[in-house]
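Okay, structure first, notes after.
Structure follows, in structure tokens:
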């Protein structure tokens, strides 16, 4: 079992072999599943905490403030204090609410984002499952999240929650189309839906450069529509704190509110890592086809540094969006999707198919 | 018991329990949520059989599409306190009769049919490339004609929906 920060394949296979040699196949599978689940849980919590801190700092810089700066160095322990506070707070039971659906809703949202994370390749050989339908799988499981929001809004028995849920339902169902179609543009270019193969296909240049203009258009559309998918500003109509108190999670408190809150950040992380993987090469270092010397220097930076760098850059771009643009009205949101993004997207797919057919891509 | 059998038992139990709950629940949104569990567990069964493509389509269409649509229409039409009234015996008895009749028919058919035992090994049983080719091919086992017919049907229903929605306005 040799460990290298450039290739995790043999490391993972070594662990796998160790368990299957020492345990019966049944227990080996159970133990492996438990380990992977725990690792993802810890990763999930850590990334969400870090992103909450990052958002507060980025927001502060955009608004010419300092942000959290009292607890610990640069206010870094503020988020731990907030986390403990959220964990210990009372969960207020709601009278006249549908208790079963009210309690179920946050878990549906969490499960949807948790399942989507399973398919993301973090480094070479470092992913939970490498399905042959990777992208389709991510689109499929992330479409479950909206059900949690709809249920949360309805079962709270609160008019603000219901309005927030209806808005988010209409918005997410529409923007799913744009997310799917912009990813299809890249599937045409790559010829596969498997994440590992997509990353390998970018060894001689990222798809955003290889696909000329259509890839760039698809990238911009993906960024816009995935911001809407993650319910982030300027598309945070489901929450809209200045109009709807807190939208679909007005009635939630304590740990259940924390779950919704964490999910918002995790969804942002997931869509950013998909954008990074599909358009910007995922863990693949910055390569230029033909320049072997340059490529070799880039290879010295470990893959997961590349992956995290790209992902957090895109997360930062999404935070930038939120603190720059004013919130759209629901009719403006739907007009943007159905009258602009969708037609552009469809033409863009044709354009990309033509380029691939003629062999004009690199 | 292997892990596969264990997962099969769990998925089947979820499907059976929540199917019954779907049709017996008096609250319509809860029924829709139970239906969601049934559909997700079915997708789980497909994943277990390594029909990944089918499983993902099941999730996208039924969970992301149809259940969202059902929940959306419930949100628009019903209130939280609404409960369906319990059906009288005039409805229960024929329904029970039809259910038992259907169950017996299905059981007899399944038991009589001699399932060919065919073990397919290998990880990629669903080659998307092949599925996509057969979807647009005009040769044997090609689905070009059904594909086009369905597209025209969809277009027609979309135009119909737009016309209906417009008429109400003026």
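Chains as they are written, first to last, in the numbering used here: chain C, 1380 to 1741; chain Y, 749 to 918. Glycine is no exception: its CB is placed at the ideal position from the N, C-alpha and C atoms.
Residue from the options whose Cα sits closest to the Cα of residue i
i: residue 1424 of chain C; options: C/1735, C/1642, C/1723, C/1676; result: C/1642
i: residue 787 of chain Y; options: Y/776, Y/775, Y/802, Y/876; result: Y/802
i: residue 1437 of chain C; options: C/1715, C/1724, C/1696; result: C/1696
i: residue 1737 of chain C; options: C/1391, C/1514, C/1568, C/1422; result: C/1568
i: residue 752 of chain Y; options: Y/792, Y/773, Y/776, Y/913; result: Y/792
i: residue 1611 of chain C; options: C/1599, C/1631, C/1648, C/1580; result: C/1648
i: residue 1686 of chain C; options: C/1401, C/1501, C/1449; result: C/1501
i: residue 1540 of chain C; options: C/1519, C/1514, C/1481, C/1562; result: C/1481
i: residue 1443 of chain C; options: C/1703, C/1508, C/1694; result: C/1703
i: residue 1666 of chain C; options: C/1516, C/1582, C/1575; result: C/1582
i: residue 767 of chain Y; options: Y/812, Y/883, Y/784, Y/754; result: Y/784
i: residue 1547 of chain C; options: C/1722, C/1499, C/1608, C/1562; result: C/1608
i: residue 1707 of chain C; options: C/1662, C/1669, C/1651, C/1617; result: C/1617
i: residue 832 of chain Y; options: Y/856, Y/899, Y/773, Y/893; result: Y/773
i: residue 1417 of chain C; options: C/1493, C/1393, C/1452; result: C/1493
i: residue 1426 of chain C; options: C/1644, C/1400, C/1585, C/1398; result: C/1644
i: residue 891 of chain Y; options: Y/900, Y/879, Y/902, Y/750; result: Y/879
i: residue 765 of chain Y; options: Y/750, Y/782, Y/778; result: Y/782
i: residue 777 of chain Y; options: Y/807, Y/876, Y/821; result: Y/821
i: residue 1716 of chain C; options: C/1554, C/1406, C/1390; result: C/1554
i: residue 813 of chain Y; options: C/1525, C/1489, C/1391, C/1390; result: C/1525
Secondary structure of residue i, DSSP reduced to three states
i: residue 1460 of chain C; result: helix
i: residue 797 of chain Y; result: coil
i: residue 1491 of chain C; result: helix
i: residue 1625 of chain C; result: coil
i: residue 1582 of chain C; result: coil
i: residue 1498 of chain C; result: coil
i: residue 903 of chain Y; result: helix
i: residue 1510 of chain C; result: coil
i: residue 787 of chain Y; result: helix
i: residue 1595 of chain C; result: helix
i: residue 1505 of chain C; result: strand
i: residue 1454 of chain C; result: helix
i: residue 836 of chain Y; result: coil
i: residue 778 of chain Y; result: helix
i: residue 825 of chain Y; result: helix
i: residue 1589 of chain C; result: helix
i: residue 1675 of chain C; result: helix
i: residue 886 of chain Y; result: coil
C-beta contact flag for residue i and residue j at 8 Å
i: residue 1411 of chain C; j: residue 1395 of chain C; result: yes
i: residue 1731 of chain C; j: residue 1590 of chain C; result: yes
i: residue 1485 of chain C; j: residue 1638 of chain C; result: yes
i: residue 1535 of chain C; j: residue 1491 of chain C; result: no
i: residue 1565 of chain C; j: residue 1658 of chain C; result: yes
i: residue 1572 of chain C; j: residue 1514 of chain C; result: yes
i: residue 809 of chain Y; j: residue 759 of chain Y; result: no
i: residue 1587 of chain C; j: residue 1574 of chain C; result: no
i: residue 763 of chain Y; j: residue 789 of chain Y; result: yes
i: residue 1432 of chain C; j: residue 1458 of chain C; result: yes
i: residue 1530 of chain C; j: residue 1483 of chain C; result: yes
i: residue 1506 of chain C; j: residue 1499 of chain C; result: yes
Minimum Cβ-Cβ distance from residue i to chain C less than 8 Å
i: residue 750 of chain Y; result: yes
i: residue 774 of chain Y; result: no
i: residue 913 of chain Y; result: no
i: residue 892 of chain Y; result: no
i: residue 909 of chain Y; result: no
i: residue 889 of chain Y; result: no
i: residue 879 of chain Y; result: no
i: residue 799 of chain Y; result: no
i: residue 876 of chain Y; result: yes
i: residue 804 of chain Y; result: yes
Below-8 Å beta-carbon distance, residue i vs any chain Y residue
i: residue 1483 of chain C; result: yes
i: residue 1552 of chain C; result: yes
i: residue 1572 of chain C; result: yes
i: residue 1408 of chain C; result: yes
i: residue 1614 of chain C; result: no
i: residue 1498 of chain C; result: no
i: residue 1405 of chain C; result: yes
Cβ-heavy atom distance, residue i to the ligand COA, below 7 Å
i: residue 886 of chain Y; result: With respect to the ligand COA, the structure shown offers nothing to examine, as it has no ligands at all.
What residues in the region 807-826 of chain Y bring their beta carbon closer than 7 Å to a beta carbon of chain C?
807, 808, 811, 812, 815, 816, 819, 820, 823
Listed in chain order, which residues of the region 1511-1534 of chain C have Cβ atoms closer than 8 Å to some Cβ of chain Y?
1511, 1512, 1515, 1516, 1518, 1519, 1520, 1522, 1523, 1525, 1526, 1529, 1530, 1532, 1533, 1534
Can you give me, in chain order, the residues of the region 1453-1480 of chain C that have a beta carbon less than 9 Å from any beta carbon in chain Y?
1475, 1476, 1477, 1479, 1480
Residues of the region 750-770 of chain Y in Cβ contact with chain C at a cutoff of 9 Å, in chain order, please.
750, 751, 754
Residues of the region 776-788 of chain Y whose Cβ lies closer than 7 Å to any Cβ of chain C, in chain order:
777, 778, 781, 784
Check distances from the C-beta atoms of the region 855-866 of chain Y to those of chain C and list, in chain order, the residues that come in under 7 Å.
none
Could you list the residues in the region 1538-1568 of chain C with a C-beta less than 9 Å from some C-beta on chain Y, going in chain order?
1541, 1544, 1545, 1548, 1549, 1551, 1552, 1555, 1559
With 8 Å as the C-beta to C-beta threshold (strictly closer), list the residues of the region 1661-1690 of chain C near chain Y in chain order.
none
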